[in-house]
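Enquirer: Structure provided below as structure tokens; questions to follow.
There are 2 protein chains.
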Amino acid sequence: MGISKIDKMHSLSKNQQIIFDLIDKSPEPLKAYTILFNVQKRGIKAPPQVYRALDKLVEMGKIHKIESRNAFIACHNSSCQVAKATAFSICEICEKVTEISSAGLSKYLTSFKDKDGMKYSKYNLEFFGLCKKCR
Amino acid sequence: MGISKIDKMHSLSKNQQIIFDLIDKSPEPLKAYTILFNVQKRGIKAPPQVYRALDKLVEMGKIHKIESRNAFIACHNSSCQVAKATAFSICEICEKVTEISSAGLSKYLTSFKDKDGMKYSKYNLEFFGLCKKCR
DNA sequence: CTTATAAATGTTATATTATTACATAGTGTT
DNA sequence: AACACTATGTAATAATATAACATTTATAAG
Ligand SMILES: [Zn+2]
Ligand SMILES: [Zn+2]
Ligand SMILES: [Zn+2]
Ligand SMILES: [Zn+2]
């Protein structure tokens, strides 16, 4: 039987799958070298293997990079159709990160025009504050 | 005569001034080690000196960090009253970065409520697209 | 002015994050 | 088979950032 063409298009390579699984299971954003350490038993031994998989997963919208933290989180917005229009809230005490999926927010931002009348379909927004627990 | 109390409160230390001047003159965001290289002739010889000044300048709202680029830009919003609520547009071709100062945008974002009804006064937003020249 | 305190600086070493470069192996197409 | 393309493996190195500790300078109080 094997894997159909369409399935293949959406399927992850071995390293991508290993790394995605780890990130997806994690309750918190993972850093590249934390990932590396945790997948060494599965045969991924060097930074480029990790960074290459991370790059592809980000491209695909399966994960997002939290830029202010240099860490990666799985997309919890049903594999972000809007991989390139992301918003997060970050707790400044416990570092909990939550992906925000608000139609209103994304609509506001994608239709936002700057002084030159320019619109942007791609953006990254990071909110900082205290989460429920830490308040 | 010397410097008055109020002036002093707002004045920068020697290293802070050197590094702020460099960033403020620059037409593009500067990276920490680019800054280090450029201020060595002025006596700043090691990374901690640069990073410490950068930290303080960010705290004061005199400069902002462009997280997706690991680079620093002077605030062009009259020393950002909203040092902690920043928005930028970034050209994906020429890497030109512009600080966005839109009352509407900042009002929308500071009054934005997440699913838990939480508001955030602190945020960083980076828009990506093509600048006028590169379009 | 002296003492106390905090802020800033100088310096060395090291930690963390990310990429370059090149060789090899698999996958799909013609 | 030949080709193009993607993914992998590996070593070395580049780029970004912090820790730790000694010293100096600025500010404020007594
Ligand atoms: Zn997402
Ligand atoms: Zn928290
Ligand atoms: Zn500003
Ligand atoms: Zn441009």
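Here the protein sequences line up with chains S and V, keeping their order.
Counting from 1, one number per residue, gives the positions in the first sequence under the numbering used here.
Counting from 1001, one number per residue, gives the positions in the second sequence under the numbering used here.
We put the CB at the ideal spot given by N, CA and C, even for glycine.
These numbers come from a predicted model, not from an experiment.
Confirm the yes/no value for this check: CB of Ile66 of chain S, any heavy atom of ligand 6, distance under 8 Å.
Expert: The ligand content of the structure shown is limited to ligand 1, ligand 2, ligand 3 and ligand 4, which means ligand 6 is not among them.
Enquirer: Cβ closer than 7 Å: which chain V residues qualify as neighbours of Phe112 of chain S?
Expert: Leu1105
Enquirer: List the whole-angstrom C-beta distance separating Ser1068 of chain V from Ile1090 of chain V, where the pair is believed to meet the contact cut-off of C-beta under 8 Å.
Expert: 7 Å
Enquirer: Starting from Tyr1051 of chain V, find everything on chain S with Cβ-Cβ shorter than 9 Å and list it in chain order.
Expert: In chain order: nothing, as chain S lies at least about 15 Å away.
Enquirer: Which first and last residues belong to the beta strand (DSSP E) in which Glu1138 of chain V is found?
Expert: A question about residue 1138 of chain V goes unanswered here, because the residues of chain V that appear run from 1001 up to 1135.
Enquirer: Does the segment 109-124 of chain S come close enough to the segment 44-57 of chain S that 3 or more CB-CB pairs lie under 8 Å?
Expert: No, the segment 44-57 of chain S is not in contact with the segment 109-124 of chain S.
Enquirer: Could you list which residues in chain V have their beta carbon closer than 9 Å to that of Ile23 of chain S, in chain order?
Expert: Correct list: empty, because the minimum Cβ distance to chain V is about 19 Å.
Enquirer: Comparing the CB of Thr86 of chain S with every heavy atom of ligand 1, is any distance shorter than 8 Å?
Expert: The answer is yes for Thr86 of chain S.
Enquirer: Pick helix, strand or coil for Arg1135 of chain V, following the three-state DSSP scheme.
Expert: coil
Enquirer: Does any CB atom of chain V fall closer than 9 Å to the CB of Lys132 of chain S?
Expert: yes
Enquirer: Which ranges does the beta strand (DSSP E) cover as unbroken runs of at least 3 residues, wholly within the segment 1049-1111 of chain V, from first to last along the chain?
Expert: List check, beta strand (DSSP E) in window: 1063-1066, 1071-1074, 1085-1091, 1097-1099.
Enquirer: Less than 9 Å between CB atoms is the rule here; does Met1060 of chain V satisfy it with respect to chain S?
Expert: no
Enquirer: Report yes if the C-beta distance between Ile1019 of chain V and Leu1054 of chain V is below 9 Å; otherwise report no.
Expert: Taking the C-beta atoms as reference points, Leu1054 of chain V is found nearer than 9 Å to Ile1019 of chain V.
Enquirer: Quick one: give me the first and last residue of the alpha helix (DSSP H) that Lys1025 of chain V is part of.
Expert: From DSSP, the alpha helix (DSSP H) with Lys1025 of chain V extends over 1014-1025.
Enquirer: Does Ala74 of chain S pass the burial test, meaning 16 or more other C-beta atoms within 10 Å, or should it be called exposed?
Expert: buried
Enquirer: When you compare the CB positions of Lys1084 of chain V and Lys1122 of chain V, do they come within less than 9 Å of one another, or not?
Expert: yes
Enquirer: I'd like to confirm something about Lys143 of chain S: is its beta-carbon nearer than 8 Å to some heavy atom of ligand 4, or not?
Expert: This structure cannot speak to residue 143 of chain S, because chain S is shown only from 1 to 135.
Enquirer: Would you say Ser121 of chain S faces chain V, with C-beta separation under 9 Å as the test?
Expert: For Ser121 of chain S, the nearest CB of chain V lies under 9 Å from its own CB, placing it at the interface with that chain.
Enquirer: So what does DSSP say about Met1001 of chain V, is it helix, strand or coil?
Expert: In this predicted model, Met1001 of chain V has a pLDDT of only 37, less than 50, meaning its place in the structure is not dependable; the value taken from the coordinates is given anyway. Looking at Met1001 of chain V - three-state DSSP - the assignment turns out to be coil, as it is neither helix nor strand.
Enquirer: Check whether the Cβ atoms of Glu1126 of chain V and Asn124 of chain S lie closer than 9 Å to each other.
Expert: yes
Enquirer: Output the residues surrounding ligand 2, defined as those with a CB atom closer than 7 Å to any ligand heavy atom, in chain order.
Expert: S:Cys91, S:Ile93, S:Cys94, S:Lys96, S:Leu130, S:Cys131, S:Lys133, S:Cys134
Enquirer: Which residues in chain S have a C-beta closer than 7 Å to the C-beta of Leu1125 of chain V? List them in chain order.
Expert: Those within 7 Å of Leu1125 of chain V in chain S are Tyr123, Leu125.
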